[in-house]
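So the structure is just underneath, and the comments pick up after that.
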Amino acid sequence: MGKDDTAKYTIATLGSHSALQILKGAKDEGFKTLIVSTIDRVDFYKRFKFIDKILTVKSFSEYEKIESQLKDENVILIPHGSFVAYLGAENNKKIKVPYFGNKAVLDWEQDRVMQRNWLKKAGINVPRQFDDIEDVTFPVIVKTYGAAGGKGYFYARDKQDFKKKIKAFKTEQYVIQEYIIGVTLYVAYFYSPITNEIEVMSMDRRYETNVDSLGRIPLHGQQGLDIEPSYVVVGNQPLIIRESLLPEVYAMGERVVETSKKLMGGKGLFGPFCLEMVITPDQRMFVIEISGRIVAGTSLYIGGSPYSDLMYDEPMSTGRRIAREIKMAIEKNELEKVLD
Ligand code: ATP
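Following this line, the structure appears as structure tokens:
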């Protein structure tokens, strides 16, 4: 295979999350593009000229029904955050069309215990967790299993507060985690199995309601009001990190990838991933979560980021970087290295 083979492939994804960024990047790299859209969003996606084809479904859970059509189009599917949210990890594993990424990562990611072990083995700081309420050092954040997008969390300042709030949660499964007071930072990486290099693509912070707006009301204005912090994501803001912390940011990404190869056997984690962290006043970086695919905050940088600009002389979004990786793999006849 060679350079001209790019146009034989169609890059496709589900119409949600970071689909626009992914398909814009694919088009910039010379691929055909396809979106699987629910009926209500078809008119919206038609606005974008870089989308060549739209396949319509009633809901994403119908994915299986259209899989044969995707095969006919010679599709490479790019997963994003909505894949697990709408299809579930098990159905992701059943996807038969070529899929960019390693599906084995899904198991390590969705199980909070496995994810924590992976991070710890990689020498990453993680917030303390408590098994017994009697041992807790407050404040804490309590995370129910299956929480997503910051929903299903609560903050507890002391034991009494915890006992009151846990009653409102119907689930038995939750973790009690030390609440890290600091600045949240989401670092978007890309690891290439073709070049064997780790790249920092961009950084952002989520803007979460209402926790990011509570500081706008002075304490005396809040007193007596029943306001609880919540962590529901409404969007993302850009942020860069001080340069003295950047070497450790790169090293953390490298350790996470190297450890994944040992833990998962074979390929490990590759492509885009994100370390979601909180940085404390003593400049320690605590990772609260790892995402093994493109995160929505990268869409801030469809035209490139301060970090991608250091490595590329052209706008390089994470979406475009994915397409570039596939293109390089096609040229080198190494597609098996990036597909599952
Ligand atoms: P997603 O799966 O969409 O990434 P999630 O629901 O798993 O999201 P997290 O990213 O783990 O959520 O956390 C949501 C928010 O909760 C964070 O952005 C941060 O503001 C806050 N948070 C989580 N853990 C901690 C912690 N240990 N200390 C302080 N804040 C935290």
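Numbering (the numbering used here), first residue to last: 1422 to 1761.
No residue lacks a Cβ here, since even glycine has one placed at the ideal position from N, Cα and C.
Nearest-angstrom Cα distance between residue i and residue j?
i	j	result
Glu1710	Glu1511	20 Å
Asp1633	Ala1525	34 Å
Leu1684	Trp1539	8 Å
Val1699	Asp1761	32 Å
Glu1494	Leu1635	49 Å
Lys1514	Phe1551	32 Å
Leu1731	Gly1724	13 Å
Leu1667	Glu1746	24 Å
Glu1629	Val1478	31 Å
Gln1490	Glu1483	13 Å
Ala1447	Lys1453	7 Å
Arg1741	Pro1727	15 Å
Gln1504	His1641	Reading off the sequence shown, one finds Phe at residue 1504, where the question assumed Gln. Cα-Cα distance, rounded: 44 Å.
Phe1481	Gly1522	20 Å
Ile1516	Ala1744	20 Å
Glu1669	Lys1541	15 Å
Gly1645	Leu1508	43 Å
Val1708	Asp1461	37 Å
Ile1602	Pro1650	13 Å
Which residues mark the beginning and the end of the beta strand (DSSP E) in which residue i is found?
i	result
Ser1634	Here Ser1634 belongs to no beta strand (DSSP E), and DSSP marks it neither H nor E.
Leu1435	1431 to 1435
Pro1693	1692 to 1700
Gln1644	Unbroken run through Gln1644: none, as it is neither H nor E.
Gln1658	1652 to 1659
Ala1609	1604 to 1612
Val1596	1595 to 1599
Ile1709	1706 to 1712
So residue i packs on residue j, CB below 8 Å; how close in whole Å?
i	j	result
Glu1450	Thr1434	Incorrect: roughly 14 Å between the Cβ atoms, too far for contact.
Tyr1600	Tyr1652	Going by Cβ atoms, the distance from Tyr1600 to Tyr1652 rounds to 11 Å, so no, they are not a contact pair.
Tyr1576	Ile1597	With 8 Å as the limit, Tyr1576 and Ile1597 do not qualify as a contact, their Cβ atoms being about 11 Å apart.
Quick one, which of the options has its alpha-carbon nearest residue i's?
i	options	result
Tyr1612	Arg1462, Gly1725, Leu1508, Gly1692	Gly1692
Leu1441	Thr1719, Glu1746, Leu1731	Thr1719
Arg1392	Ala1543, Tyr1520, Val1496, Ser1439	Here the chain has residues from 1422 to 1761 only, and residue 1392 is not among them.
Leu1476	Thr1431, Asp1552, Arg1533	Thr1431
Asp1579	Tyr1595, Arg1745, Ile1554	Ile1554
Val1457	Asp1730, Ile1472, Met1673, Ser1651	Ile1472
Pro1702	Gly1740, Thr1605, Leu1491	Thr1605
Ser1712	Lys1474, Asp1464, His1501	His1501
Gly1656	Asn1631, Glu1649, Ile1648, Met1673	Asn1631
Gly1436	Lys1474, Phe1452, Ser1665	Lys1474
Arg1714	Val1654, Gln1704, Ile1638, Ala1609	Ala1609
Lys1584	Lys1541, Asp1464, Phe1559	Phe1559
Asn1617	Gly1674, Lys1591, Lys1445	Gly1674
Ser1738	Lys1753, Glu1485, Val1621	Val1621
Arg1468	Pro1650, Asp1532, Tyr1733, Lys1445	Lys1445
Here's a check: name, in chain order, each residue in its chain whose Cβ is nearer than 7 Å to the Cβ of residue i, leaving out the five neighbours to either side.
i	result
Pro1614	Lys1688, Phe1691, Lys1758, Val1759
Tyr1607	Met1624, Asp1625, Arg1626, Arg1627, Cys1695, Glu1697, Val1716, Gly1718
Gln1594	Thr1565, Tyr1566
Val1678	Tyr1612, Ile1619, Gly1689, Leu1690
Tyr1466	Gly1436, Ile1456, Ser1458, Ile1472, Ile1475
Ile1661	Met1624, Pro1727
Who are the near neighbours of residue i in its chain, counting only those whose CB is closer than 8 Å to its CB and skipping five residues on each side?
i	result
Val1686	It is Gly, not Val, that sits at residue 1686 in the sequence shown. Around Gly1686: Ala1525.
Arg1537	Val1547, Gln1550
Trp1529	Met1535, Gln1536, Trp1539, Ser1681, Leu1684, Met1685, Gly1713
Note down, in chain order, each residue of its chain lying with its Cβ closer than 6 Å to the Cβ of residue i, except the 5 sequence neighbours on either side.
i	result
Leu1756	Ala1750
Leu1498	Ala1433, Val1518, Tyr1520
Leu1721	Asp1625, Asn1657, Pro1659
Please report the residue range of the alpha helix (DSSP H) in which residue i lies.
i	result
Val1478	From DSSP, Val1478 is part of no alpha helix (DSSP H) but of the beta strand (DSSP E) over 1474 to 1478.
Ser1503	1502 to 1515
Phe1471	No alpha helix (DSSP H) holds Phe1471; DSSP gives it neither H nor E.
Between residue i and chain D, is any beta-carbon pair separated by less than 8 Å?
i	result
Gln1594	Given the protein chain composition of this structure (a single chain), no chain D is represented.
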